Amino acid sequence: MKKLKEYIIPFVGLKVGKHHFDYQIDNQFFEFFEYDDFNSVKVSVDLLLEKKSNMLELHFSIEGTVNLNCDVSNEAYDQPVEHQLHLVVKFGEEYNDENEELLILPHGAYEIEVHQYIYEAIVLALPYKRLHPGIEDGTLNSEILDKLEELQPVQKEVNENNEVDPRWNKLKNLLNDNK
């Protein structure tokens, strides 16, 4: 698998202190991961890398919009994305990324790849259910919404005397008989 070179940071040559990296994320970035759930992506990532004598701290600030399809109506809309990610990089005997906030690199490592963290932060910043804002406020006019409303199950009217269907009484008797 080829690597995204612009997302590899050689930290060995950096001085101790803070360093800024800016990335503009678009559809090509997600093509690398073969992720095609988005119609378009326009996200900026501000990465603050703080190099210390024995470790690195990375602060990702992600902000922008992702155009995707609504889960209900399949209409495209822009979903705002905003996320913060903090990662501590320490050095040890072997590579270990089991903890989502701590990365351990082997002692001889001289660079860090950040594209996977950016990818995961953007994807995880999206809501689980993708709902067009026009559905929530009632302003979206769509044939699909009209059809869904037409096919919605009709609620049965309650008897005028508020009587319960006698079949339910028989079922309740079964419960009482077991006591």
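Per full-length UniProt numbering, the sequence shown starts with residue 1, numbered consecutively. Cβ coordinates follow ideal geometry from the N, Cα and C atoms, glycine included. Remember, predicted model here, so these are calculated numbers, not experimental data.
Three-state secondary structure (DSSP) at residue 58?
-> strand
Count the C-beta pairs between the stretch 104–112 and the stretch 16–28 that are closer than 8 Å, then say yes if the count reaches three, no if not.
-> no
Give me the Cα-Cα distance between residue 38 and residue 169, rounded to the nearest whole angstrom.
-> 53 Å
Comparing alpha-carbon positions, which option in 10, 64, 123 and 65 lies nearest residue 34?
-> 123
Alpha carbon to alpha carbon, what distance is there between residue 98 and residue 55?
-> 17 Å
Alpha carbon to alpha carbon, how far is residue 46 from residue 125?
-> 15 Å
With a Cβ-Cβ cutoff of 9 Å, do residue 132 and residue 77 count as a contact?
-> yes
Flag this pair as yes or no: are the beta carbons of residue 68 and residue 87 separated by less than 9 Å?
-> no
Consult DSSP for residue 67 and reduce its assignment to one of helix, strand or coil.
-> strand
For residue 124, the first and last residue of its enclosing beta strand (DSSP E) = Per DSSP, residue 124 belongs to no beta strand (DSSP E); it is in the alpha helix (DSSP H), 115–125.
Could you check the C-alpha separation between residue 31 and residue 4 for me, to the nearest Å?
-> 11 Å
Can you check DSSP and say which residues form a bridge with residue 111?
-> 10
Close Cβ partners of residue 135 (< 8 Å) along its chain, the five nearest in sequence each way excluded = 70, 72, 73 and 145
N-terminal and C-terminal residue of the beta strand (DSSP E) that residue 21 is part of = 17–25
When 66, 120 and 29 are compared against residue 101, the one with the closest alpha-carbon = 120
Mind checking residue 64: buried by the 16 CB within 10 Å criterion, or exposed?
-> buried
Considering only residues of the same chain and omitting the five flanking positions on each side of residue 12, which have a CB-CB separation below 7 Å?
-> 110
Does DSSP put residue 94 in a helix, a strand or coil?
-> coil
Taking the alpha carbon of residue 83 as the point to measure from, which residue in 89, 91, 9 and 127 has its own alpha carbon closest?
-> 127
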